[in-house]
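2 protein chains.
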Amino acid sequence: MPRAGLSPDVVTAEAAALADEVGLDDLTFAALAARLRVAVPSLYKHVPSIAALHRRLSVVATRELGAALGDAAAGRAGLDALRAVAEAYRAYAVARPRLYPATQRAPLPDEPEHVQVAERVVGSIFAILRGYGIQGEDAIDATRMVRSALHGFVDIERSGGFGLSRSTDASFDRLVTALDAGLRAWPVASGEG
Amino acid sequence: MPRAGLSPDVVTAEAAALADEVGLDDLTFAALAARLRVAVPSLYKHVPSIAALHRRLSVVATRELGAALGDAAAGRAGLDALRAVAEAYRAYAVARPRLYPATQRAPLPDEPEHVQVAERVVGSIFAILRGYGIQGEDAIDATRMVRSALHGFVDIERSGGFGLSRSTDASFDRLVTALDAGLRAWPVASGEG
DNA sequence: GCAGTGAGGCTAATGACATTAGCCAAACGG
DNA sequence: CCGTTTGGCTAATGTCATTAGCCTCACTGC
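Residue numbers (numbering that gives the first Met the number 0), protein chains in the order written: chain A, 0 to 192; chain B, 0 to 192.
As structure tokens, then:
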């Protein structure tokens, strides 16, 4: 039996490709081993368990998303940055629709690499707020709003939750515009106007 | 062997309770049968498969959510309605954190009951827009924005994606306030101000 | 070249599951 | 009270994750 040239990174990368085809729920060691032309137990030499593989996929997906957002934000500010980051966020979810949910697994404190890539995603959004002059706790609230809107939109779109009646492109465009308006007016205060 | 008094509805309701304890992924016929004090194959007399049970749970959860939103919206308009519906939405996700994700499974066209309850959820949000004078395609975009924001927020909160640094209550409050402001200014138009 | 060693393959076995087949008793209608 | 249907059951199958334990390939130092 010749060596197959596997490594934790190779296995993880192939798992990411497979998961994006069949979905995280249907990612099995059997299917992954077949794709790598290897017997199932061989995978355990590189990955300790399915659960650990899922955690690795969360790191991979979150890293990819963070890189995309970071690239989009580079050299931009204000609405320009917001729009670029928002489009990059959605583009990632469209490009890897079945892997995207892996980005929503919250990192455990004992996984510094996961924590780090997750911080890059949040940081890419947080950084946009500088251009709007938002700081401190206002910035936390504003970041949460932007994250909620972006994640919510792409998650509903990805799962087919929006009806077919109208282009989601146009709706997303308006969402981004509304976020921009909301950030300009930040901090919002309660009460009727 | 005395009859256990099961029925599709009883099985589904107990499955919902179990799923909300252990999570949808760990809902097994073995655990469900044990809870109902019945052997595993007996469940097949009431539910055709695990996949079908999951679909039923989506209907149950979506119906519960729709009822909560409908109750919250009753007799209210404008910001009052928006705030009540938003709080009800979040309260449902908090009350049934591990069942909530079942509400995100899009209904299939051949499941009229599922389609109906899903429409009630969307309808409860859509109806709020009347009070803001939003109609037609503007209303579709606005509904999508509100749904995205609400689902995104509760989904990230539920999965522990928000750090511990600041109260999520306050952040949610601001999110709702920002939604209100966004709806008052609807339709938003692109371009710098 | 070659013995030693460890990493990385493998087969075989186990246990949790979903699912199906087929049996048998309980409830119910005449 | 008999027959039928409904709803329990046991037993068996196939898929998976996981573990134990084997064996060989590739590389190390000589």
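Note that beta-carbon positions come from the ideal geometry of N, C-alpha and C, so glycine has one too.
Do we get a CB-CB distance below 8 Å when we pair residue i with the residues of chain A?
i, result
"residue 168 (chain B)", "no"
"residue 61 (chain B)", "no"
"residue 181 (chain B)", "yes"
"residue 22 (chain B)", "no"
"residue 197 (chain B)", "Here chain B comprises residues numbered 0 to 192, so residue 197 (chain B) is not present and cannot be evaluated."
"residue 174 (chain B)", "yes"
"residue 151 (chain B)", "yes"
"residue 70 (chain B)", "no"
"residue 116 (chain B)", "no"
"residue 154 (chain B)", "yes"
"residue 187 (chain B)", "yes"
"residue 105 (chain B)", "yes"
"residue 48 (chain B)", "no"
"residue 136 (chain B)", "yes"
"residue 30 (chain B)", "no"
"residue 164 (chain B)", "yes"
"residue 3 (chain B)", "no"
"residue 41 (chain B)", "no"
"residue 75 (chain B)", "no"
For residue i, would you say it is in contact with chain B, using Cβ-to-Cβ distances shorter than 8 Å as the test?
i, result
"residue 191 (chain A)", "With a pLDDT of 46 at residue 191 (chain A), under the threshold of 50, the modelled position of that residue is not reliable, and no figure is offered here."
"residue 51 (chain A)", "no"
"residue 160 (chain A)", "yes"
"residue 139 (chain A)", "yes"
"residue 129 (chain A)", "no"
"residue 67 (chain A)", "no"
"residue 89 (chain A)", "no"
"residue 143 (chain A)", "yes"
"residue 96 (chain A)", "no"
For the candidate residues the options, whose alpha-carbon lies nearest to that of residue i?
i, options, result
"residue 152 (chain A)", "B:156, B:140, B:162 and B:22", "B:140"
"residue 176 (chain A)", "B:187, B:166 and B:121", "B:187"
"residue 105 (chain B)", "B:57, B:39, B:124 and B:136", "B:57"
"residue 128 (chain A)", "A:117, A:115, A:146 and A:113", "A:146"
"residue 8 (chain A)", "A:51, A:121 and A:89", "A:51"
"residue 21 (chain A)", "A:95, A:121, A:59 and A:110", "A:95"
"residue 155 (chain B)", "A:161, A:93 and A:121", "A:121"
"residue 81 (chain B)", "B:159, B:29, B:125 and B:118", "B:125"
"residue 62 (chain A)", "A:5, A:42, A:93 and A:115", "A:115"
"residue 93 (chain A)", "A:6, A:19 and A:169", "A:19"
"residue 107 (chain A)", "B:164, B:158 and B:118", "B:158"
Identify, in the order they occur along the chain, each residue of the same chain with its Cβ nearer than 8 Å to the Cβ of residue i, setting aside the five sequence neighbours on each side.
i, result
"residue 131 (chain A)", "77, 141, 182, 183 and 185"
"residue 144 (chain A)", "178 and 181"
"residue 23 (chain B)", "53, 56, 97, 98, 100 and 101"
"residue 191 (chain A)", "With a pLDDT of 46 at residue 191 (chain A), under the threshold of 50, the modelled position of that residue is not reliable, and the figure given next carries that caveat. Correct list: empty, nothing qualifies."
"residue 11 (chain B)", "46, 52, 55, 56 and 59"
"residue 39 (chain A)", "28, 29 and 32"
"residue 161 (chain A)", "155, 167 and 170"
"residue 6 (chain A)", "45"
Within its chain, find whatever has a CB closer than 6 Å to the CB of residue i; leave out the 5 residues flanking it on each side and keep chain order.
i, result
"residue 75 (chain A)", "83"
"residue 133 (chain A)", "141 and 185"
"residue 135 (chain B)", "none"
"residue 60 (chain B)", "98, 101 and 102"
Apart from the five residues on each side of it in sequence, which residues of its chain come closer than 7 Å, Cβ to Cβ, to residue i?
i, result
"residue 14 (chain B)", "26, 31, 52 and 56"
"residue 174 (chain A)", "148 and 152"
"residue 171 (chain A)", "89 and 152"
"residue 34 (chain A)", "13 and 17"
"residue 123 (chain A)", "65, 68, 69, 72 and 84"
"residue 137 (chain A)", "185 and 186"
"residue 112 (chain B)", "58"
"residue 195 (chain A)", "Absent from the model: residue 195 (chain A). The displayed extent of chain A is 0 to 192, so no value can be given."
For the ligand NAD, is there a heavy atom less than 7 Å away from the beta-carbon of residue i?
i, result
"residue 156 (chain B)", "Looking for the ligand NAD in the displayed structure turns up nothing, as the structure carries no ligands at all."
In chain order, which beta strand (DSSP E) runs of at least 3 residues are fully inside the stretch 85-151 of chain B? none
Length at least 3, wholly inside the stretch 54-78 of chain B: the beta strand (DSSP E) runs in chain order: none
Curious, which full-length alpha helix (DSSP H) runs of at least 4 residues does the stretch 30-56 of chain A contain? none
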